[in-house]
Amino acid sequence: MPIKWKVIAPLIGILVLGLALPVKAFAHGASIKYTVSTVIELVASYDSGEPMAGAQFTIYAPDDPATPWLTGVCDDEGRFSFAPDRSQPGTWDIQIRQAGHGDIVHIPIGGDAAVTGGGGGYSKLQIGLMAAAVVWGSVGTALYFSRKRRA
Amino acid sequence: MHIPDGILPISVNAGGYAATAAVTWYSIRKIKQKENPREGIPKASLLTAAFFVVSWIHIPVPPTSVHLVLNGLLGALLGYYAFPAILIGLFFQAVMFGHGGLTTLGINAVIMGLPAILAYYIFRLRKLGGKDSPKKDGAFGFLAGAVAIGVSVAIFVGILVTNLPTDFISAEVERAAIYTLAIAHLPLLGIEGTITSLLVVFLRRVRPGILDGV
Numbered sequence: 201m202p203i204k205w206k207v208i209a210p211l212i213g214i215l216v217l218g219l220a221l222p223v224k225a226f227a228h229g230a231s232i233k234y235t236v237s238t239v240i241e242l243v244a245s246y247d248s249g250e251p252m253a254g255a256q257f258t259i260y261a262p263d264d265p266a267t268p269w270l271t272g273v274c275d276d277e278g279r280f281s282f283a284p285d286r287s288q289p290g291t292w293d294i295q296i297r298q299a300g301h302g303d304i305v306h307i308p309i310g311g312d313a314a315v316t317g318g319g320g321g322y323s324k325l326q327i328g329l330m331a332a333a334v335v336w337g338s339v340g341t342a343l344y345f346s347r348k349r350r351a
Numbered sequence: 426m427h428i429p430d431g432i433l434p435i436s437v438n439a440g441g442y443a444a445t446a447a448v449t450w451y452s453i454r455k456i457k458q459k460e461n462p463r464e465g466i467p468k469a470s471l472l473t474a475a476f477f478v479v480s481w482i483h484i485p486v487p488p489t490s491v492h493l494v495l496n497g498l499l500g501a502l503l504g505y506y507a508f509p510a511i512l513i514g515l516f517f518q519a520v521m522f523g524h525g526g527l528t529t530l531g532i533n534a535v536i537m538g539l540p541a542i543l544a545y546y547i548f549r550l551r552k553l554g555g556k557d558s559p560k561k562d563g564a565f566g567f568l569a570g571a572v573a574i575g576v577s578v579a580i581f582v583g584i585l586v587t588n589l590p591t592d593f594i595s596a597e598v599e600r601a602a603i604y605t606l607a608i609a610h611l612p613l614l615g616i617e618g619t620i621t622s623l624l625v626v627f628l629r630r631v632r633p634g635i636l637d638g639v
């Protein structure tokens with residue numbers, strides 16, 4: 201074999217091997233697509249803390265609060281998300297319901313859209329204080345009516 | 426067990442208020458017929474506090490959890506005082522904690538208050554057939570507690586199942602969830618019956634006068 205082929209043959213072999221190997225190819229061209237949307241994520245749970253897994257939600261748009269705009273089911277963590285129609289600014293009503301329990305949340309969408317929000321949400325200390333106030337009121341009532349009347 | 430706002434149609438909520446107004450009027454009338462109507466108020470007030478607080482005690486019954494109600498206990502110990510006591514307790518639960526709702530206050534009072542009156546009559550049956558005893562008190566206390574919560578669940582399910590919204594994604598799914606919740610309440614029959622039974626036996630031993638009026 202002439203000396204020239206001793207150099208070219210291994211080069212061709214390396215080239216063929218390189219093309220045959222199943223490696224990921226990196227192209228030089230790139231394409232980026234994007235969509236701007238405001239997605240609202242809601243998490244529903246009972247006051248005991250357990251998620252409302254499989255609860256059904258109904259969303260009402262501001263322009264027609266009587267007809268459901270979207271319906272669906274929460275995931276196992278009581279979570280779901282939706283992208284409201286930005287052409288309908290106003291208050292979007294979302295009802296979540298499961299076995300006769302649930303709540304309605306009103307989300308303003310527009311210039312002053314809320315970032316986070318929700319219903320309820322007292323701390324344990326607040327709940328404890330409120331409960332203590334009612335219990336104290338009941339005890340006071342009991343004491344008042346159990347006192348002996350003056351003759 | 427507490428139906429919140431926005432679940433039932435307005436007509437059902439209005440009917441609940443009408444029924445609650447009628448039963449409250451009748452209960453107060455029966456209370457006024459007592460020799461000393463003020464006598465039962467301290468007991469009713471303390472049990473209202475117990476009813477108010479006890480809804481925070483959750484009992485896990487997979488896949489959900491249930492909470493104590495104690496309407497049978499209130500009925501057994503208070504008689505006709507139980508209905509206004511439960512109504513006041515429900516009002517505070519709705520206003521302060523969001524348990525139930527103000528529009529559904531009437532219907533929730535029917536769900537929990539009417540079975541309390543039934544429990545009162547069940548507990549009174551212990552006086553039939555001769556002298557009452559701790560065993561009879563305990564047995565009828567258990568019946569009163571268990572039947573009251575059972576009837577409450579039955580009314581709760583009946584109202585919800587017959588008023589499922591038509592625009593909902595799936596009435597079948599909601600109906601199945603309601604039945605699952607109702608089945609989850611079955612252990613509560615035993616728990617509330619046992620609590621009522623133990624308490625009436627305890628009160629008979631330490632303060633028998635409390636049971637005299639009922």
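Residue numbers (this note's numbering), protein chains in the order written: chain A, 201 to 351; chain B, 426 to 639. Where a beta carbon is used, it is the ideal one built from N, C-alpha and C, also for glycine.
For a test of the three-state rule: what should DSSP assign to residue i, helix, strand or coil?
i                 : result
Arg279 of chain A : strand
Pro429 of chain B : coil
Asp293 of chain A : strand
Ile232 of chain A : coil
Asp303 of chain A : strand
Asn588 of chain B : coil
Asp562 of chain B : helix
Leu527 of chain B : coil
Asn496 of chain B : helix
Gln458 of chain B : coil
Pro467 of chain B : helix
Ala266 of chain A : coil
Leu502 of chain B : helix
Leu539 of chain B : helix
Leu553 of chain B : coil
Arg630 of chain B : helix
Arg600 of chain B : helix
Val639 of chain B : coil
Can you tell me the Cβ-Cβ gap for residue i and residue j, rounded? I've got them flagged as a contact below 8 Å.
i                 : j                 : result
Asn496 of chain B : Pro540 of chain B : 6 Å
Thr445 of chain B : Gly531 of chain B : 4 Å
Met426 of chain B : Met521 of chain B : With 8 Å as the limit, Met426 of chain B and Met521 of chain B do not qualify as a contact, their Cβ atoms being about 17 Å apart.
Phe508 of chain B : Ser452 of chain B : 4 Å
Asp430 of chain B : Thr529 of chain B : 6 Å
Leu543 of chain B : Phe565 of chain B : At roughly 13 Å, the Cβ-Cβ gap does not stay under 8 Å, so Leu543 of chain B and Phe565 of chain B are not in contact.
Ser338 of chain A : Leu502 of chain B : With 8 Å as the limit, Ser338 of chain A and Leu502 of chain B do not qualify as a contact, their Cβ atoms being about 15 Å apart.
Cα-Cα, which of the options is closest to residue i?
i                 : options                                   : result
Gly525 of chain B : B:Tyr451, B:Ala443, B:Leu636 and B:Phe581 : B:Phe581
Pro434 of chain B : A:Phe282, A:Thr291 and A:Gly300           : A:Gly300
Leu614 of chain B : B:Val486, B:Ile532 and B:Leu515           : B:Val486
His611 of chain B : B:Phe627, B:Val572, B:Val639 and B:Ser595 : The sequence as given places Leu at residue 611 of chain B; His does not occur at that position. Considering only alpha carbons, the answer is B:Val572.
Val478 of chain B : A:Leu343, A:Lys348, A:Ala333 and A:Phe257 : A:Ala333
Asp557 of chain B : B:Pro633, B:Tyr442 and B:Ile584           : B:Pro633
Ser595 of chain B : A:Pro289, A:Thr258 and A:Val339           : A:Thr258
Ile294 of chain A : A:His306, A:Phe345, A:Asp285 and A:Gln288 : A:His306
Ala255 of chain A : A:Glu241, A:Val239, A:Ala266 and A:Asp275 : A:Asp275
Ala447 of chain B : B:Arg549, B:His427, B:Gly563 and B:Ala534 : B:Ala534
Leu242 of chain A : A:Asp264, A:Gly229, A:Val273 and A:Tyr234 : A:Val273
Thr591 of chain B : A:Gln326, A:Pro268 and A:Leu325           : A:Pro268
Ile240 of chain A : A:Phe282, A:Gln298, A:Lys324 and A:Lys206 : A:Phe282
Thr238 of chain A : A:Phe345, A:Gly310, A:Gln326 and A:Trp336 : A:Gly310
Ala607 of chain B : B:Gly514, B:Leu628, B:Ile584 and B:Asn461 : B:Ile584
Gly302 of chain A : A:Ala253, A:Ala209 and A:Phe345           : A:Ala253
Leu527 of chain B : B:Phe627, B:Val631, B:Leu493 and B:Ile428 : B:Ile428
Thr291 of chain A : A:Lys348, A:Arg279 and A:Tyr260           : A:Tyr260
Pro308 of chain A : A:Pro262, A:Gly213, A:Asp247 and A:Ile232 : A:Pro262
Ile511 of chain B : B:Val626, B:Val598, B:Val631 and B:Ala475 : B:Ala475
Asp247 of chain A : B:Leu503, B:Leu471 and B:Gln518           : B:Gln518
Ile304 of chain A : A:Pro210, A:Ala244, A:Gly213 and A:Val207 : A:Ala244
Lys459 of chain B : B:Pro467, B:Tyr505 and B:Gly440           : B:Tyr505
Gly278 of chain A : A:Pro251, A:Ser287, A:Ile208 and A:Pro289 : A:Pro251
Gly575 of chain B : B:Val494, B:Phe627, B:Arg629 and B:Leu628 : B:Val494
In the DSSP assignment, what residue or residues form a beta bridge with residue i?
i                 : result
Val491 of chain B : B:Ile484
Leu242 of chain A : A:Phe280
Thr258 of chain A : A:Thr271 and A:Gln295
Ile309 of chain A : A:Gly290
Pro251 of chain A : A:Ser245
In chain E, which residues lie less than 9 Å from residue i when you measure between Cβ atoms?
i                 : result
Ile466 of chain B : Checking the listed chains, one finds no chain E in this structure; the protein chains it contains are A and B.
Output yes if chain B places a C-beta closer than 7 Å to the C-beta of residue i; else output no.
i                 : result
Met330 of chain A : yes
Gln298 of chain A : yes
Ser338 of chain A : yes
Val335 of chain A : yes
Met294 of chain A : A quick correction: the sequence has Ile, not Met, at residue 294 of chain A. No, no contact with chain B.
Ile304 of chain A : yes
Ser281 of chain A : no
Ser248 of chain A : yes
Give a yes or no on whether 7 Å exceeds the smallest Cβ distance from residue i to chain A.
i                 : result
Ile532 of chain B : no
Leu471 of chain B : yes
Gly642 of chain B : In the structure as shown, chain B starts at 426 and stops at 639, and residue 642 of chain B therefore has no counterpart that could be examined.
Phe477 of chain B : yes
Ile547 of chain B : no
Arg463 of chain B : yes
Met521 of chain B : yes
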